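The sequence shown begins at 1 in UniProt numbering and counts up by one. The C-beta atom is built at its ideal place from N, Cα and C for all residues, glycine as well. Keep in mind that this is a model prediction, so the values were computed, not measured. Just below is one structure, and these are the notes that go with it.
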Amino acid sequence: MVLEVALIDVQPGQEDAFASAYAQARPWLADTEGCITVRMTRGVESPSRFVLLVEWDSIEAHEKNFRATDRFDQWRGIIGPFFAKPPVVEHFTDVPANG
1 MVLEVALIDV QPGQEDAFAS AYAQARPWLA DTEGCITVRM TRGVESPSRF VLLVEWDSIE
61 AHEKNFRATD RFDQWRGIIG PFFAKPPVVE HFTDVPANG
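Below is the structure:
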């Protein structure tokens, strides 16, 4: 499993509209084969900053089943107009607790 972390800066004053757009767009992401969980959080100190957390079966599931399909185009078409700048996206894997 991998965790996709996307830092999303939204145009100031558009935060509530972005949150509504996310709710509308979420199924395009959440219903993708290989997507395990989806969670969007909002900054307390920086309310125009959101963090998207997506657990995927693999990086390939993210890239081939979502990014390389029209699902991504639909997703980005709904939420993209609210971006202040392109999101920063990285993948992470768990560190074993026993070393």
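Check your understanding: Around the C-beta of phenylalanine 82, are 16 or more other C-beta atoms found within 10 angstroms, so that it is buried, or is it exposed?
Key -> In the sequence shown, counting from the first residue as 1, residue 82 sits at position 82. By the beta-carbon neighbour count (other beta carbons within 10 angstroms, threshold 16), phenylalanine 82 is buried.
Point to revise | Inter-residue spacing [alpha-carbon to alpha-carbon] between alanine 68 and aspartate 94 | key: Residue numbering aside, residue 68 sits at position 68 when the sequence shown is read from its first letter. Residue numbering aside, residue 94 sits at position 94 when the sequence shown is read from its first letter. Distance between the alpha carbons of alanine 68 and aspartate 94 is about 25 Å.
Exercise for review: Work out the CA separation of glutamate 90 and leucine 53 for me, nearest whole Å.
Suggested key: Stepping through the sequence shown from its first residue, residue 53 is reached at position 53. Stepping through the sequence shown from its first residue, residue 90 is reached at position 90. Between the C-alpha atoms of leucine 53 and glutamate 90 there is a straight-line separation of about 10 Å.
Check your understanding: CA-CA distance, asparagine 23 and glycine 77?
Key -> As a working note, residue 23 is residue 23 in the sequence shown. As a working note, residue 77 is residue 77 in the sequence shown. One detail in the question is off: residue 23 reads as alanine in this sequence, not asparagine. So the two alpha carbons sit approximately 13 Å from each other.
Point to revise | Beta-carbon proximity check, leucine 7 vs valine 51, cutoff 8 Å | key: Here residue 7 refers to the residue found at position 7 of the sequence shown. Here residue 51 refers to the residue found at position 51 of the sequence shown. For leucine 7 and valine 51, yes; Cβs fall inside 8 Å.
Check your understanding: What residue does the alpha helix (DSSP H) around alanine 21 start on, and which one ends it?
Key -> Here residue 21 corresponds to residue number 21 of the sequence shown, with the count starting at 1. For alanine 21, the enclosing alpha helix (DSSP H) has its first and last residue at 15 to 30.
Review point. Which same chain residues, not among the five before or five after lysine 85, have their C-beta less than 8 Å away from its C-beta?
Key: Your numbering for residue 85 matches position 85 in the sequence shown. Excluding positions up to five away in sequence, the list reads Asp9.
Practice item. Can you grab the Cα-Cα spacing for the pair glutamine 14 / asparagine 98, in whole Å? Key: By 1-based counting over the sequence shown, the position of residue 14 is 14. By 1-based counting over the sequence shown, the position of residue 98 is 98. Glutamine 14 and asparagine 98 have their C-alpha atoms some 44 Å from each other.
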